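One line per chain: the protein sequences are A and B, in this order.
Each residue of the first sequence is one higher than the last, beginning at 299 in the numbering used here.
Each residue of the second sequence is one higher than the last, beginning at 299 in the numbering used here.
A virtual CB, placed ideally from N, CA and C, is assigned to each residue, including glycine.
No experiment lies behind these values; they were computed from the predicted model shown.
Here the structure is laid out as structure tokens; the discussion comes afterwards.
There are 2 protein chains.
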Amino acid sequence: MSEQIRPITAVIMAGGKGERFWPMSRTHRPKQFLSLTGDGETMIQKTVRRLQGLVASEYIFVVTNANYMDLVKEQLPEIPAENLLQEPVARNTAPCIALAAAVITKRYGDAVMLVLPSDHVIRHVALCVDVLSRAIHAAAAGQNLVTIGITPTYPETGYGYIEYSRSTETPAGVYTVSSFKEKPDVNTARQYVESGRFLWNSGMFAWKASTYLAALEQYLPAVSAGAKALIAAYGTEQFPEILQTEFEKMPSESVDYGVLERADHIYTIPGSFGWDDVGSWPALRRVAKTDTNGNYRSGDVLTVGTKNSVFVGGKRLIAAVGVEHMIVVDTEDALLICDVDSAQDIKKMTEMLREQGRGELL
Amino acid sequence: MSEQIRPITAVIMAGGKGERFWPMSRTHRPKQFLSLTGDGETMIQKTVRRLQGLVASEYIFVVTNANYMDLVKEQLPEIPAENLLQEPVARNTAPCIALAAAVITKRYGDAVMLVLPSDHVIRHVALCVDVLSRAIHAAAAGQNLVTIGITPTYPETGYGYIEYSRSTETPAGVYTVSSFKEKPDVNTARQYVESGRFLWNSGMFAWKASTYLAALEQYLPAVSAGAKALIAAYGTEQFPEILQTEFEKMPSESVDYGVLERADHIYTIPGSFGWDDVGSWPALRRVAKTDTNGNYRSGDVLTVGTKNSVFVGGKRLIAAVGVEHMIVVDTEDALLICDVDSAQDIKKMTEMLREQGRGELL
């Protein structure tokens, strides 16, 4: 391929189900399409807005599934229809990114891809854009797989960690990654944070399409084979059918475990820009404003002797008396009351509803 | 007055506001007009039904205020309209009973009055009827003020206590009262229960109309004067106007403090019939069925890891995860979440709503 100027592209992954935000998130409207922090702008809209000045709308791709296509069109009218890529079945992030890499390769050649989740919070956008910009340059400079690491501020056990070598810093603040660590227990997390050698894995990446496709060929050949078939078919009438067949054949693999943990030439750029994956209701107390008693409030909420709780309501009054450490989410047809420490058990509730055939509430 | 056969009458006091059951109870529909235990029959309907075989409907009187008159008519169609007595202003129980005593005296002469709250729970109705029947006989036998005492089953601090002399028992199980005690602290309550000399004051009484009016004359002359004016005016066109004027002049006094604590010839009949005044939301766990985890549930309630809580809902699903020791009450326009130990602070919430001019929620 000739050395022409190629656009910078961005791939926003928006196929997640977000059940941990039930009952506000539903099968038909998961977390990325909600304004969790109550300011009217949804998570995916914020994700796109952050890219202003870095990636033009016409080069932003959204990968999602058929259920959410209408939501994406409604919430992101600035993204061209041909950039909305539909996963026929859920196959985790490695095939998701492979689909985008195939389309980008066919349309723009070997462009840099910025890969981004659609449902994270970033408080300091300018600082984030600076890191993303450096990641794009590092990705463009060679066959590099570049991850965005977050300097940890506390021993979070819900995130994966990136171990990096501090002596390898380049002038642009890029480091060599020595290993990826899965979610640690709290003692291990404390050691990670104290050591200064670990970053949170933000799930944001940058690489050239060719770099990613080469890594697939080496570490996930079944996904690589699908990607090649998609490149060949893109632009033909057969593409939708081939997309369906190839995706069904691909194994379900995450880019972290399937590619990054196995590959060489992995780099990271540490950032400190108020990132949070807002993984569950209690996280709202971290990422959004709280009152003087540590309560997050959205909607019509009145409290007496109430602290360290999360209230998400609508028009109806939520009156809390002597409540501590609780999550209260009030929607039209379902009300959740949950202890902060039991947030991970919300899925037991949704499973129970599924078993009882009450899918209308999911 | 000649020695003719006089009917047994009952006076049901139904003017209470019941704010402790907010947000289910509202200014326009307090506790006595609700089916708190979720079986469809309201507290006041249960109160009347318990009197079957003891007092004929035509001799049952209900004293309430203008706001609740329609509710009484709707819920108790069997009570004759002329037996619905309207307090022009709230003056506590002594004037309330004085009004009934005046009307009963004028209509039936010196009949026995059974005086009953409208919002208590009684589990064993037959046992209660037996006690009420003996109270009626004791009241008819002389100038006796007869109270129904409840053998305490635990050291409740929310009730008043009656101290009685066990050596004074009559063949009908009637005892002499030595003193009334206001709501005790928990240590005092424990001593009361252990001593065997104390009963809960149920707020149920029996006496002849003349006995009560004589006691008023002696201990509450201002109320007595009003009662005399009401006796004179009842049946005339001027009655409504005189009722208004006289009631406004009466002091606000409870029958317990204003009459019983001061009078002689006070008797009590101890009963054990599953009585509870259901004074606040946590009481529902005492008086109604709970699940194996000690939760009271009404409405569509699903729980995971949840215990010792009270859930009162309607059509909307209440999903509780890891909830302990909480009260959750869901109504159309307001949702209450309250720690069981903070139930007494619900009034702080209703005060706040009043201050904020949100009377539509009260």
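Item to check | Enclosing beta strand (DSSP E) for Ala632/A [first to last residue] | outcome: Ala632 to Asp637
Item to check | Cβ-based neighbour list, Ala520/A, same chain, cut-off 8 Å, excluding 5 preceding and 5 following | outcome: Lys547, Met548 and Pro549
Next on the checklist: Between Leu660/B and chain A, is any beta-carbon pair separated by less than 8 Å?
Outcome noted: no
Item to check | alpha helix (DSSP H) segment containing Glu515/B, residue limits | outcome: Ala507 to Tyr517
Next on the checklist: Here's the rule: buried if 16 or more other CB atoms are within 10 angstroms of the residue's CB, otherwise exposed. What is Lys481/B?
Outcome noted: exposed
Checklist entry - What residue from His326/B, Thr604/B and Thr391/B has the CA that sits closest to Met502/B's CA? => result Thr391/B
Item to check | Spatial distance of Glu649/B from Ser333/B (CA atoms) | outcome: 25 Å
Next on the checklist: Taking the alpha-carbon of Leu651/A as reference, which of Arg304/A, Gly471/A and Arg324/A has the nearest alpha-carbon?
Outcome noted: Arg324/A
Checklist entry - Comparing alpha-carbon positions, which option in Leu633/A, Gly603/A and Leu541/A lies nearest Val621/A? => result Gly603/A
Item to check | Every unbroken alpha helix (DSSP H) inside the segment 551-599 of chain A [4 residues or more] | outcome: 582-585
Checklist entry - Does the beta carbon of Gly407/A sit closer than 8 Å to a beta carbon anywhere in chain B? => result no
Item to check | Residue-chain proximity (Cys426/A, chain B), Cβ-Cβ < 8 Å | outcome: no
Item to check | Runs of beta strand (DSSP E) lying entirely within the segment 323-390 of chain A, each at least 3 residues, in chain order | outcome: 358-363 and 382-385
Checklist entry - Any idea what DSSP makes of Ile303/B, helix, strand or coil? => result coil
Checklist entry - Going by beta carbon distance, what residues of the same chain come within less than 7 Å of Asn381/B, once the five residues before and after it are set aside? => result Ile358, Phe359 and Val360
Next on the checklist: Contact between the segment 550-559 of chain A and the segment 574-587 of chain A is defined here as three or more beta-carbon pairs at a separation below 8 Å; is this criterion met?
Outcome noted: no
Item to check | Alpha carbon of Ala409/A to alpha carbon of His623/A, nearest angstrom | outcome: 48 Å
Item to check | Simplified DSSP state of Tyr406/B, which is helix, strand or coil | outcome: helix
Checklist entry - With burial defined as no fewer than 16 other Cβ atoms inside 10 Å of the residue's Cβ, what is the status of Gln330/A: buried or exposed? => result buried
Item to check | Meets three-Cβ-pair contact criterion under 8 Å: the segment 431-444 of chain B and the segment 453-464 of chain B | outcome: no
Checklist entry - Do you know offhand how far Lys404/A's Cα is from Glu535/A's? => result 15 Å
Checklist entry - Which residues in chain B sit within 7 Å of Ile644/A, going by Cβ to Cβ distance? => result Val619
Checklist entry - Can you tell me whether DSSP reads Ser416/B as helix, strand or coil? => result coil
Next on the checklist: If you measure between the beta carbons of Arg464/A and Arg495/A, is that distance less than 8 Å?
Outcome noted: yes
Checklist entry - Is the segment 367-383 of chain B touching the segment 629-647 of chain A, taking contact as three or more C-beta pairs under 8 Å? => result no
Checklist entry - For a contact meaning CB atoms closer than 9 Å, what does Gly603/A contact in chain B? => result Asp637, Ser640, Asp643 and Lys646
Checklist entry - Are the beta-carbon atoms belonging to Ala436/A and Val491/A less than 8 Å from one another? => result no
Checklist entry - Helix or strand or just coil, what does DSSP make of Met548/B? => result coil
Next on the checklist: Can you find the residues in the same chain that come closer than 6 Å, C-beta to C-beta, to Val475/B, ignoring five residues on each side of it along the sequence?
Outcome noted: Ile460, Tyr462, Ile564 and Thr566
Checklist entry - Buried or exposed: Thr307/B, going by 16 or more other Cβ atoms within 10 Å of its Cβ? => result buried
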